[in-house]
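A short worksheet on the structure shown next.
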Amino acid sequence: MATVPALLTPTGSAPAALATDGRFGDYGGRFVPEALVPACEEVERAFTDAWADPRFRRDLDRLLAVHAGRPTALTPAWRLSAELGVTVLLKREDLAHTGSHKINNVLGQALLARRMGRGRLLAETGAGQHGVATATAAALLGLRATVYMGERDIERQALNVYRMEVLGAEVVPVRTGSRTLKDATSEALRAWVSCADEAHYCLGSVMGPHPYPTMVREFQRVIGDEARAQCARELPTAVPDHVVACVGGGSNAAGTFAGFLGTGARLVGVEAAGGAAITHGRPGTLHGFRSYVLQDEHGQVGEAHSVAAGLDYPGVGPEHAHLADTGRVHYTTVGDDEVLAAVHRLARTEGIICALESAHAVAWVLRAATSGELPRGCTVLVTLSGRGDKDIATLMAARDGAGDVR
Amino acid sequence: MSAATVTGGALHRHLGSRAAAGRSLLVPYVMAGLPGWAELVGEFAAAGADAVEIGLPFSDPILDGPVICEAAERALAGGTTAATVLAELPGLAAQVPLVVMTYSNIVLHRGAPAFCAALRAAGVSGLIVPDVPFAEAAELGGACGAEGIDHVLLAAPSTPPGRLGEVAQRSRGFVYASAVMGTTGVREHLPATAARLAADLKALTGTPVLLGLGISSPASARAAAAVADGVVVGSALVRDVLEGRGPAEVGRRLAALRTALDEA
Ligand SMILES: Cc1ncc(COP(=O)(O)O)c(C=O)c1O
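Here's what the structure looks like:
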């Protein structure tokens, strides 16, 4: 790659080839119109090839280091740990550029798009974090970006809309359905059908048609790989007893868990009570994949409702559905009130205002430490997927007792 | 190519014999649940439709453009469900075969075998599920076959030659040739991608090849009929319904398309 100079951060062993058919038990697959199948196949081929190419890995590692600021810190939550009687370690994705883990995936896909000769990125966004990350990566690599966003989210997230525009992206309002993330995702898929030859669909989580769930997990596994190595330095036991992450589409959780699936750590995924596809959904197909989906008794997809816009998605990545069925990961929910309380608790004890999404993981730790589900003296790794700057208006509205803080 | 191992059902035979007799096939789309939809099926049959597509609305239709998206939203807002529609179909005493078009979640929600059994009980003879591409179609195809439902597959301008052959061979009733890389919608002209795809498919199968997606006007229908065995027309008709036109008036638009095809 011409404009990204040689390696600064050495990587480990040669990358392994990736063999997958895109199925996770009964879930996953490629449920898209025939017209899109070749585009998905091309992404699959390009990703498989790139992921096994040490040069691609070096280029990506370098961008992650010098642009996104990786590795992110592992911060012991000293005061909170003392209060709870458990050792809490925070994986600080909030410190990554643009303020969340979304940048990890987007830099990978933007590099891939260039490798595939695509000059434009398409993306869906809900809260705007993935849209901002996509606009950022596009600017960095000299690509154009078109971001689909529900009209209601555009109203709720005006700041992120403007951030995208400053970064040079075009934000397209979506007026179908509930005018939120699920409709923006449908619209991005529709748009991709007509421009797949010149644009890459830069999907924002571990969902969508194969290869996206696998590819996005691989781009996010840097979270888990780093945390695993950092825990080995930080903890006498090397591996924490519990690993916790919030689950919207499931990308920060998938990336985190990827580093610990082979360990004895208990893995916990925390959904928003109002957007809990695994806890309250049924198997279905949405946006090109089979998984748990919130739906009514007739098979119409429901709307999710959470104080955290990034968790307002009625589906969940197919690998999570499978990990739930096999029992390897325990999925649970927390409600908006616990989440708001968790933001404030972490802010006061650790000096970190985390994103409302990330606060779901923190809230579960607070609850589990109180209930005894987390025994005294145990160790817990919590992924803080993002920072809370984007949520300040929501926090203020909640403080002022506004009825609808969503 | 080996001879097709699966024989078709009622839709397959009906369309096959009409096409063999030299007729250009016309398959209009009705969004079930919109005002007057049931009467519209009868109007379409009288106006020269060879089969009628019955759209079962879904909340997230990824192959549909603005017109059919809005139609689905309105139908759902009115309380339309697959069950209410299938319960009404037998009472229509439709004079032409009915083909249900819906999305995979609606099918999988009941399970493909139960859904196909319900179609058969309602007198439906074909099924189109645009978000189940060929590579994912084995289960659904089997369920359709077990109930004598013709499973219509889609091909697109982007479909590579090998898969085009498999789609052409496996599709029953007709082969749905996507005229354009895009969604359903109203378009002025027959897209340039249409003729090539239709010709490629016709070289691969004796099953009728129908062009759909964006065929709206008599002129584009006539152009499509010159290269394919007929057309599927959706958004242009659904738009009329959304704009408040009654079944008789929408039927007249279809009659104009019929005339254009017969002159072609
Ligand atoms: C900070 C943050 N965390 C989590 C999520 C949820 O996404 P995922 O479950 O894919 O990590 C989002 C999505 O916008 C987010 O912005």
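Respectively, the protein sequence lines represent chains P and U. Going left to right, the first sequence walks through residues 1 to 406 as full-length UniProt numbering numbers them. Going left to right, the second sequence walks through residues 1 to 264 as full-length UniProt numbering numbers them. By construction, the Cβ of each residue, glycine as well, lies at the ideal position given by its N, Cα and C atoms.
1. From Ala309(P) to Leu111(P), what distance separates their C-alpha atoms?
2. For Leu323(P) and Val316(P), which I take to be in contact (beta-carbon distance under 8 Å), what is that distance rounded to the nearest angstrom?
3. Is Gln129(P) helix, strand or coil by DSSP?
4. Do Val243(P) and Leu346(P) have their beta-carbon atoms positioned less than 8 Å apart in this structure?
5. Taking the continuous beta strand (DSSP E) assigned at His200(P), which residues delimit it?
6. Alpha carbon to alpha carbon, what distance is there between Leu237(U) and Ala47(U)?
7. Please confirm if His298(P) has its CB atom under 8 Å from at least one CB of chain U.
8. Jot down the residue ranges of each uninterrupted alpha helix (DSSP H) in the segment 233–264 of chain U, minimum 4 residues, whole runs only, in chain order.
9. Going by DSSP in three states, Gly403(P) sits in which element: helix, strand or coil?
10. Nearest by alpha-carbon distance to Cys231(P): which of Gly259(P), Gly25(P), Gly108(P) and His67(P) is it?
11. Of all Cβ atoms in chain P, is any one closer than 8 Å to the Cβ of residue 325(U)?
12. Starting from Phe47(P) and walking both ways along the alpha helix (DSSP H), at which residues does that stretch end?
13. Which partner residues of Tyr313(P) appear in the DSSP bridge assignment?
14. Rounded to whole angstroms, what's the CA-CA distance from Ala122(U) to Thr205(U)? Just pull it up for me.
15. Give me, in chain order, the residues of the same chain whose beta-carbon lies closer than 8 Å to that of Leu26(U); leave out the 5 immediate sequence neighbours on both sides.
16. What are the residues that DSSP puts in a beta bridge with Ser100(P)?
17. Taking the alpha-carbon of Ile106(U) as reference, which of Leu98(U), Cys116(U) and Pro97(U) has the nearest alpha-carbon?
18. From the DSSP output, in three-state form, read off Asp337(P) for me.
19. Give a yes or no on contact between the segment 238–246 of chain U and the segment 63–71 of chain U, applying the rule of three or more CB pairs nearer than 8 Å.
20. With DSSP run on the structure shown, which of helix, strand or coil describes Thr59(P)?
21. Please enumerate, following chain order, all residues with a beta carbon closer than 5 Å to at least one heavy atom belonging to ligand 1.
22. So, at 7 Å on beta carbons, what are the nonlocal neighbours of Val71(P) in its own chain, with the 5 sequence-adjacent residues on each side left out?
23. For Asp59(P), does the count of other Cβ atoms within 10 angstroms reach 16, so buried, or fall short, so exposed?
24. Identify the continuous beta strand (DSSP E) that holds Arg282(P) and give its terminal residues.
25. How long is the line joining the alpha carbons of Ala397(P) and Lys390(P), rounded to whole angstroms?
26. Identify every residue that forms a DSSP beta bridge with Glu170(P).
27. Please compile the residues from chain U whose C-beta is within a distance smaller than 8 Å of the C-beta of Thr285(P).
28. Taking 8 Å as the cut-off, does the segment 203–211 of chain P touch the segment 136–145 of chain P (at least 3 CB pairs, one atom from each stretch)?
29. When DSSP labels each residue in this structure, what does Gln295(P) get in the three-state scheme?
30. Whole-angstrom Cβ separation of Ala94(U) and Ala45(U), contact assumed at under 8 Å?
31. Short of 7 Å Cβ to Cβ, which residues in the segment 30–45 of chain U face chain P?
32. Strictly below 8 Å CB to CB, what residues from chain U border Ser205(P)?
33. What in chain P is Cβ-close to Pro113(U), meaning under 7 Å?
34. By how many angstroms is the C-alpha of Gln220(P) removed from the C-alpha of Asn104(P)?
35. Exposed or buried, Arg172(U), counting other C-beta atoms within 10 Å across all chains shown (16 or more means buried)?
36. Using the rule of at least 16 other Cβ atoms within 10 Å of the residue's Cβ for burial, across every protein chain shown, is Leu127(U) buried or exposed?
Reading it off the structure:
1. Straight across, the Cα-Cα distance linking Ala309(P) with Leu111(P) is about 27 Å.
2. At roughly 10 Å, the Cβ-Cβ gap does not stay under 8 Å, so Leu323(P) and Val316(P) are not in contact.
3. helix
4. Going by beta carbons, Leu346(P) and Val243(P) fall outside the 8 Å limit.
5. Ala199 to Tyr201
6. 13 Å
7. The beta carbon of His298(P) falls within 8 Å of a beta carbon belonging to chain U, placing the residue at that interface.
8. Qualifying alpha helix (DSSP H) stretches, in chain order: 235–242 and 247–263.
9. Its pLDDT being 48, under 50, Gly403(P) is placed unreliably by the model, and nothing is read from it.
10. Gly259(P)
11. The structure shown does not extend to residue 325(U), since chain U is modelled only from 1 to 264, so the question has no answer here.
12. Val37 to Trp51
13. Answer is none; Tyr313(P) lacks a bridge partner.
14. 29 Å
15. Gly48, Ala49, Asp50, Ala221, Gly230, Val231, Val233, Leu254, Leu257, Arg258 and Leu261
16. Gly386(P)
17. Cys116(U)
18. helix
19. yes
20. With the sequence shown as reference, residue 59(P) is identified as Asp, and Thr is not the correct amino acid for it. In the structure shown, Asp59(P) sits in a helix (DSSP, three-state: H, G or I).
21. Ser100(P), Ala127(P), Gln129(P), Ser205(P), Gly248(P), Gly249(P), Gly250(P), Ser251(P), Asn252(P), Gly310(P), Ala355(P), Glu357(P), Ser385(P) and Gly386(P)
22. Residue 71(P) is actually Pro in this sequence, not Val. Glu226.
23. buried
24. Arg282 to Leu286
25. 13 Å
26. In the DSSP assignment, Glu170(P) is bridged to Thr146(P).
27. Tyr103, Ser104, Asn105, Leu108 and Asp131
28. no
29. strand
30. 6 Å
31. none
32. Result: empty, since nearest Cβ-Cβ is about 16 Å, beyond 8 Å.
33. Within 7 Å Cβ-Cβ: nothing; Pro113(U) doesn't reach chain P, min ~15 Å.
34. 6 Å
35. buried
36. By the neighbour-count rule (16 or more Cβ atoms within 10 Å), Leu127(U) is buried.
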